[in-house]
Amino acid sequence: MATLKSLAWKGLYLNLALNLFGLLAIVVCNVGHVYCFALVYYLSGALFLGPPLLLLTIEGAPAGTFRRPRLPQAHRYRTLFWLNQGIVALIFLPTFLLA
0 MATLKSLAWK GLYLNLALNL FGLLAIVVCN VGHVYCFALV YYLSGALFLG
50 PPLLLLTIEG APAGTFRRPR LPQAHRYRTL FWLNQGIVAL IFLPTFLLA
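Numbering that gives the first Met the number 0 numbers the first residue of the sequence shown as 0 and each following residue consecutively.
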């Protein structure tokens, strides 16, 4: 159980970093019209790493988040998890649907 919890934290941080990099790449490519190759790196990384990381963060959440919801770590995990989902839902899904 502790291994899954540790792995879930690492997966959440990696997923959040991947999405923040993608957000930065989209803004820089669309606003500055430079470094558009970074968008290609993000898309390839998101294609291969995104779904497994999302499944890992969802699977690992009950390891400590929902069993003891009042712990500060559980609150931090939920906050980062919903921040990550908000980035995906509000920015990336409309971007890919409109592109």
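The beta carbon of each residue, even a glycine, is placed where N, CA and C say it ideally should be.
- When Cβ pairs closer than 8 Å are counted between the two stretches, the region 0-19 is seen to touch the region 70-85, the count reaching three or more.
- Just so you know, the alpha carbons of T56 and A37 end up roughly 25 Å apart.
- The C-alpha of L17 is placed about 15 Å away from the C-alpha of A88.
- As the crow flies, the alpha-carbon of C28 is around 17 Å from that of L92.
- Rounded to whole angstroms, the gap between the alpha carbons of A7 and Y41 is 21 Å.
- Close CB contacts of I90 within its chain, under the 7 Å cut and outside five residues either way in sequence, are with L22 (chain order).
- Distances from the CA of F80 to each of G59, L96, R69 and L70 were compared; the closest alpha carbon is that of G59.
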